[in-house]
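Each residue of the sequence shown is one higher than the one before, counting from 1 in UniProt numbering.
Yeah, the Cβ is synthetic: ideal placement off N, Cα and C, and Gly gets one too.
Please read these numbers as outputs of a predicted model, since none were measured by experiment.
In what follows, a structure is listed as structure tokens, so that the remarks can point back to it.
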Amino acid sequence: VVCVGGDGSVSEVAHGLLLKAQIDAGKDTDYIPTPVRAPVPLGVIPAGTTNVLAHTLYGIKHAVTAALHIVMGHIQPVDVCTFSTPSKLLRFGFSAMFGFGARTLALAEKHRWMPSNQRKDFAFIKTLADLKPEECELSFLPLQIPQEDSHENDRKKKEKTKKKGSKDQWHKIQGHFLNVSIMAIPCLCSMAPRGLAPNTRLNNGSMALIVVQNTSRTEFIKHLKRYASVKNQFNFPFVETYTVQEVKVQPRLKSGLDAKENTYLNAASAEGNYPWNIDGDLMKEASEVHVRVHPQLINLYGVNTDDLESSQATCNCI
């Protein structure tokens with residue numbers, strides 16, 4: 001299967017392939033703690049605006065390069081997340097943002113009549129001007145890295161770690177957050193050449209949880225500008241990063257006048273749903289969202305960009 005499109009289109013196709021695999025395996029699609037792998041690899045030819053997946057798989061947004069990797073059969077196993085509520089599976093995906101990144105997308109979706117780049121710039125500036133934090137509780141299960149060398153032992157240890165995931169191992173932080181990012185892949189793009197989550201990899205069985213606490217607009221803009229530079233974008237007192245295997249995000253409803261402001265700025269819906277940005281697709285959800293990472297759940301055509309950086313004088317195509 002080959003998808004020509006942007007991140008949203010690729011994510012939808014990946015979700016469809018994985019959901020079909022669960023149905024074929026006789027799984028309950030409302031609750032899938034251990035999903036089965038997709039049997040068919042997915043090819044990605046970039047034709048969107050940001051093309052995070054293509055950049056991450058090929059190191060560049062280039063349709064010919066993508067097509068060559070597909071023709072040559074360069075397959076890379078990739079980690080996938082499940083997003084679910086306590087009662088149902090919402091979707092499969094590779095990355096998500098809650099807060100600023102989601103509000104920006106929600107506002108952009110309300111102005112679909114504008115050209116793509118213009119509406120994204122407009123939404124970004126408008127959301128930045130109306131910058132407000134989300135009050136929520138974050139619960140996360142830190143990744144416990146096994147010490148064994150072999151991949152087989154790594155997999156077994158991760159299985160044991162997940163089974164031993166008792167409630168006392170969960171960490172909780174509560175407060176006001178400008179943005180929360182949950183990413184199972186590095187998410188490279190032209191605006192963030194090092195990646196939105198440079199400390200994670202395509203298939204290391206972990207997610208990067210990046211939490212931006214409430215701060216001034218000036219400091220938040222400094223943080224955003226760091227993504228385009230070689231400097232560490234997380235080197236701020238209000239930014240916290242964690243390597244995790246599960247995350248729960250529970251929004252807290254505001255009261256009084258703050259609730260009215262929140263409803264206006266949310267740009268989601270009159271029912272009080274909170275917007276989520278999942279791989280560039282807008283999802284609205286009012287309840288707690290539980291995110292789990294599932295190692296190497298799907299095969300994508302591409303290479304590990306770390307390998308490309310380490311082999312400067314070689315070419316994969318020959």
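Opposing strand residues paired with residue i [DSSP bridges]
{"i": "S229", "result": "Beta-bridge pairing links S229 to no other residue."}
{"i": "C81", "result": "G93 and V293"}
{"i": "C189", "result": "A192"}
{"i": "W276", "result": "F98 and M283"}
{"i": "Y301", "result": "I75"}
{"i": "P198", "result": "DSSP lists no partner for P198."}
{"i": "H171", "result": "F140"}
{"i": "A208", "result": "M183 and T243"}
{"i": "E109", "result": "DSSP lists no partner for E109."}
{"i": "V10", "result": "Paired residues: none, contrary to the question."}
{"i": "F238", "result": "None, per the DSSP bridge assignment."}
{"i": "G5", "result": "P46"}
{"i": "H176", "result": "E135"}
Sequence-distant residues of its chain with Cβ nearer than 6 Å to residue i (five each side left out)
{"i": "A192", "result": "Y227"}
{"i": "T243", "result": "L143 and S206"}
{"i": "V180", "result": "F98, G99 and V211"}
{"i": "T241", "result": "I210 and F234"}
{"i": "K120", "result": "A108"}
{"i": "I173", "result": "L138"}
{"i": "V36", "result": "A21 and A25"}
Nearest-angstrom beta carbon gap, residue j and residue i [assumed within contact, 8 Å]
{"i": "G6", "j": "G48", "result": "2 Å"}
{"i": "H55", "j": "L188", "result": "4 Å"}
{"i": "P86", "j": "S287", "result": "7 Å"}
{"i": "R252", "j": "E109", "result": "24 Å between Cβ atoms; not a contact."}
{"i": "A208", "j": "T200", "result": "4 Å"}
{"i": "P275", "j": "A96", "result": "That pair is no contact at about 11 Å."}
{"i": "A38", "j": "A63", "result": "Contact doesn't hold; Cβ gap of about 23 Å is too wide."}
{"i": "A66", "j": "Y58", "result": "6 Å"}
{"i": "N273", "j": "E285", "result": "6 Å"}
Residue i vs residue j beta-carbon contact at 8 Å
{"i": "H223", "j": "V211", "result": "no"}
{"i": "S206", "j": "Q245", "result": "yes"}
{"i": "S84", "j": "H290", "result": "yes"}
{"i": "residue 367", "j": "G99", "result": "Given a span of 1 to 318 for the chain in the structure shown, any question on residue 367 remains unanswerable."}
{"i": "V78", "j": "I182", "result": "no"}
{"i": "F122", "j": "V247", "result": "no"}
{"i": "R112", "j": "T127", "result": "no"}
{"i": "T82", "j": "I32", "result": "yes"}
{"i": "F94", "j": "L53", "result": "yes"}
{"i": "G175", "j": "Q213", "result": "yes"}
{"i": "M283", "j": "L90", "result": "yes"}
Same chain, Cβ closer than 8 Å to residue i, five either side skipped, listed in chain order
{"i": "E219", "result": "F236 and F238"}
{"i": "L19", "result": "T29 and F92"}
{"i": "V1", "result": "V13, L17, V40, P41, L42 and G43"}
{"i": "G8", "result": "G48, D279, G280 and D281"}
{"i": "G101", "result": "N179, S181 and N277"}
Status (buried if at least 16 other CB within 10 Å, exposed otherwise) for residue i
{"i": "N277", "result": "buried"}
{"i": "G280", "result": "buried"}
{"i": "Q169", "result": "exposed"}
{"i": "L300", "result": "buried"}
{"i": "G302", "result": "buried"}
{"i": "G26", "result": "exposed"}
{"i": "L297", "result": "buried"}
{"i": "V10", "result": "buried"}
{"i": "residue 347", "result": "Lying before the first or after the last residue shown, residue 347 is absent from the chain, which here runs from 1 to 318."}
{"i": "N51", "result": "buried"}
{"i": "I125", "result": "exposed"}
{"i": "H15", "result": "buried"}
{"i": "K231", "result": "exposed"}
{"i": "R217", "result": "exposed"}
Same chain, Cβ closer than 7 Å to residue i, neighbours up to 5 away in sequence not counted
{"i": "V4", "result": "I45 and A47"}
{"i": "Q233", "result": "H223, R226 and Y227"}
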